[in-house]
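Residue numbers (the numbering used here): 88 to 392.
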């Protein structure tokens, strides 16, 4: 009995000691180590009609894949391959997003080589190797293959041309229909303005003379109303122009003295002898001599005979 109890204790101790070792095999720096997986891609796997220009694929992982150093970055770049339907390798570049965790952008880098450029209506395979590494050191485990087919540009061009012709045809059709309706409307208004007295007489039972007289009175009334409106507009314009002219041409009717407008300023005049003279005094009283005006041609020297 004692031997059995001792054996059970030994088995339990071995089990307890083995559990940490098993868990430790799936831990990195004290954290549980999970598998790196791809959550989704854009465009989705198997997409048809992918753009030829700037061919690129966004891949979203379940954890951070931003490399901690250039060595990991170069190693991950080797795990990404893009091939066409014939197996020809297309150069690519891998871009990481430091703001959105788990996102990388794989873009075709074939601008320098025309033979390896992305073509339309072509199937391409994007492979991400099993050793593609996350930031915590975990790898993809199983390689992923994504299938894409590019857009058939020739067919798209034909479709666009057909749509363009349809749009142009529709525009021409609606323009012509609108013009026809406008013409019909004008003709209808014209017919309404010019009443046929014979049709109106037949319709109302009145005589042709009565209908003609009524239409003439109606036209005369319209002409009088239009003449009144025109006369009013002309009168209003004339008043506005007159007001503008008066405001812009204000003048003094006659010369006025300073005192007549309320000024108290006084002017003192002193003659050559030092005597004060009133401003109203003449220039002679103030000691000024009048200078005769020069006659035209007065400065010319007389010719000697």
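We treat Cβ as the ideally placed atom computed from N, Cα and C, and that holds for glycine. Predicted model, so just to flag it, every value in this text is computed and none were measured.
(1) Quick check on the burial criterion: 16 or more other C-beta atoms within 10 angstroms. Buried or exposed for residue 291?
(2) Report the rounded CA-to-CA distance for residue 108 versus residue 179, giving the unit in angstroms.
(3) Which residues share a DSSP beta bridge with residue 191?
(4) Below 8 Å on the Cβ atoms is my contact criterion, and I expect residue 177 with residue 195 to pass it. Report the Cβ-Cβ distance as a whole number of Å.
(5) If you count every other CB in all the chains shown that lies within 10 Å of the CB of residue 181, and 16 or more means buried, which is it?
(6) In whole angstroms, what is the alpha-carbon distance linking residue 304 and residue 320?
(7) Keeping to the same chain, check which residues put their C-beta closer than 7 Å to that of residue 198; ignore five residues upstream and five downstream.
(8) Would you identify the three-state DSSP class for residue 325, choosing helix, strand or coil?
(9) Can you name the start and end residues of the alpha helix (DSSP H) that residue 171 belongs to?
(10) Quick test of your reading: residue 214 and residue 232, contact by CB under 8 Å. State the CB separation rounded to the nearest angstrom.
(11) For residue 284, which residues in the same chain have their Cβ closer than 8 Å to its Cβ, ignoring the five residues on either side in sequence?
(12) When the Cβ atoms of the stretch 255-268 are set against those of the stretch 134-153, are three or more pairs found closer than 8 Å?
(13) Considering residue 212, what are the terminal residues of the alpha helix (DSSP H) in which it resides?
(14) Going by C-alpha distance, which of 171, 248, 250 and 162 is nearest residue 221?
(15) By Cβ distance below 6 Å, which residues in the same chain neighbour residue 190 in space, the five residues on each side in sequence not counted?
(16) Specify the secondary structure class of residue 233 as computed by DSSP and reduced to three states.
(17) Is the separation between the beta-carbon of residue 206 and that of residue 137 shorter than 8 Å?
(18) List the DSSP bridge partners of residue 226.
(19) In terms of residue numbering, what span does the alpha helix (DSSP H) encompassing residue 128 cover?
(20) So if DSSP puts residue 295 in a beta bridge, which residue, or which two residues, is it bridged to?
(21) From residue 229 to residue 124, what does the alpha carbon distance come to, in whole angstroms?
(22) On the CB-based measure, 16 or more other CB atoms within 10 Å of its CB, does residue 307 come out buried or exposed?
(23) Does residue 169 pass the burial test, meaning 16 or more other C-beta atoms within 10 Å, or should it be called exposed?
(24) Compare the beta carbon distance of residue 128 and residue 145 with 8 Å and say whether it is the shorter of the two.
(25) What residue range does the beta strand (DSSP E) around residue 136 cover?
(26) Checking 8 Å against the spacing of the C-beta atoms, do residue 209 and residue 226 come in under that value?
(27) Are the Cβ atoms of residue 193 and residue 143 separated by less than 8 Å?
(28) Quick one: using the 10 Å Cβ neighbour count with 16 as the cut-off for buried, is residue 219 buried or exposed?
(29) Leaving out the 5 sequence neighbours to the left and right, which residues in its chain are closer than 6 Å to residue 323 when beta-carbon positions are compared?
Let's see:
(1) exposed
(2) Confidence at residue 108 is low in this model, with a pLDDT of 42, below 50, so the placement of that residue should be treated as unreliable; the coordinate-derived value is given next. Cα to Cα, the separation comes out at about 42 Å.
(3) 146 and 183
(4) 6 Å
(5) buried
(6) 24 Å
(7) none
(8) helix
(9) Not the alpha helix (DSSP H): residue 171 falls in the beta strand (DSSP E), residues 167-171.
(10) 5 Å
(11) 295, 298, 299 and 302
(12) no
(13) Premise fails: residue 212 lies in the beta strand (DSSP E), 210-215, not in any alpha helix (DSSP H).
(14) 162
(15) 147 and 184
(16) strand
(17) no
(18) 220
(19) No alpha helix (DSSP H) holds residue 128; the beta strand (DSSP E) holding it covers 125-129.
(20) Paired residues: none, contrary to the question.
(21) 9 Å
(22) exposed
(23) buried
(24) yes
(25) 134-137
(26) no
(27) yes
(28) buried
(29) none
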